Amino acid sequence: MMRKTIEKALCLAFLAMACTFSTAEVFAQPGTPNGGFYPAGIAGVDYNVTNAKNKKQGTWIRVWPNGNLYYLGQFENDNPKGGFTFFYETGEIMSEVTQIENGRKAFTKMYRPDGTLQAEGMYMKSAQLDENREPLRLKQGEWKYYDGRGNLRLLESYDHDQLNGLTISYGDQGQELERGTYADGQRTGTWKTWDELGTLLSEINYRDGVFHGFCTINYANGRPQTIGRYEQGKEQDYWKSFMEDGTLKTTRQFENGELIKEIHENGTVFLTFADGRPRSEFTVINQKKSGPFREWHDTGEWVIEDQLDPESGETLRKRVLVGEALRREGEYVDGKLEGAVYYYDLNGRLQKSERYENGNRVSSEEP
């Protein structure tokens with residue numbers, strides 16, 4: 005069926021060209037047989053007629069190396085006119101282009117090989133030329149992109165091929181997943197993201213493509229995870245992070261992106277040395293240490309080891325910490341040491357134990 009459609013299109017194209025030959029002075033094009041009125045079909049060559057001023061006139065086509073039609077369209081005095089159709093090499097329609105304003109603009113629909121609409125929007129002709137000395141086509145205005153089921157997944161706004169204006173991405177059910185604005189190709193203003201259920205996940209402000217202004221990151225339950233402010237892409241002033249139940253976890257103070265102060269408000273705290281080796285672990289309730297704690301010596305190193313993956317059976321190279329040594333462990337109650345606290349040397353041997361009551365040491369023993 006597709007082959008017949010192509011043959012019919014070619015037949016109509018050749019008939020149109022034959023009529024054009026009878027009314028205009030013809031300049032033979034590459035691939036045109038001597039005395040013939042139809043193209044021989046050389047891949048990559050446009051066919052077929054010009055007028056006395058050597059301008060493209062009437063029906064023009066181009067074919068693929070296998071002879072199938074690549075495009076079919078009409079020209080009037082070198083300007084594309086009306087509808088152009090482009091085909092995949094296998095014969096399916098690749099795009100449909102409707103010329104507007106003597107070819108200055110072109111509304112375009114792009115298709116996948118299975119026939120589903122992939123994108124649609126407007127191109128405009130540029131004064132700039134490509135490597136083939138043809139005018140560049142620039143995206144202009146609103147462009148829409150669809151998935152294979154015909155659902156709108158992305159809307160973008162362009163000005164001279166540059167993102168400018170509203171951008172929205174959509175989920176499977178048509179719900180918005182992200183919304184924001186571009187100015188001259190850069191993100192600007194407030195950008196928001198949502199999950200598939202409509203829960204607001206983030207609200208971030210931009211200026212000239214960088215973070216600038218208030219920033220809120222939320223958990224999947226909608227409660228805030230992090231709240232803070234950026235200035236020219238760098239953290240500024242106080243940033244607060246929360247646990248999933250809404251409990252304040254940490255407060256950090258920044259100046260020009262540099263951390264000035266960090267206050268552990270609630271939750272488990274795990275501190276490390278600069279290279280990621282463990283330094284200490286403890287729990288905080290209302291800025292006071294509470295519960296068990298551990299501290300490590302400044303020792304150990306990261307090494308790469310070969311390990312067998314039990315599922316795939318493949319040998320994987322993994323980064324492993326070796327040689328770390330516990331230095332001290334015990335317990336805090338309401339911010340004060342309570343009970344036994346144990347001290348260890350670099351080899352893991354117990355050096356001594358101390359006993360505390362309400363933060364005061366009451367005894368010390370060595371093994």
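Here the sequence shown stands for residues 5 to 371, numbered as in our numbering.
C-beta: ideal position from N, C-alpha, C; glycine also.
All of these numbers come straight from a predicted model, not from anything done at the bench.
Output needed for Phe218: all residues of its chain with C-beta closer than 7 Å, excluding positions within five of it in sequence on either side, in chain order. Asn209 and Arg233
Judging by CA-CA distance, which residue of Tyr348, Arg141, Met126 and Gly125 is the nearest neighbour of Gln132? Arg141
Suppose only complete runs of 3+ residues qualify. What are the beta strand (DSSP E) ranges in the region 218-269, listed by chain order? 228-235, 238-246, 252-259 and 262-268
Rounded C-alpha distance that separates Gln166 from Glu105: 22 Å
May I have the straight-line CA-CA distance separating Glu309 from Trp300, to the nearest angstrom? 23 Å
Taking the beta strand (DSSP E) that Phe274 belongs to, which residues open and close that run? Gly271 to Thr276
Taking the alpha carbon of Gly145 as the point to measure from, which residue in Asn155, Gly154 and Ala110 has its own alpha carbon closest? Ala110
Looking only at DSSP bridge pairs, what is Lys129 linked to? Arg141
Taking just the CA atoms, how far does Glu96 sit from Phe90? 9 Å
Hey, how far is the Cα of Val307 from the Cα of Ala329? 16 Å
Which same chain residues, not among the five before or five after Ser367, have their C-beta less than 6 Å away from its C-beta? Arg359
Counting pairs of Cβ atoms below 8 Å between the region 198-212 and the region 176-187, do you hit three or more? yes
Buried or exposed (CB count within 10 angstroms, at least 16 for buried), Gly327: exposed
Measuring straight from C-alpha to C-alpha, what distance separates Gly304 and Trp243? 33 Å
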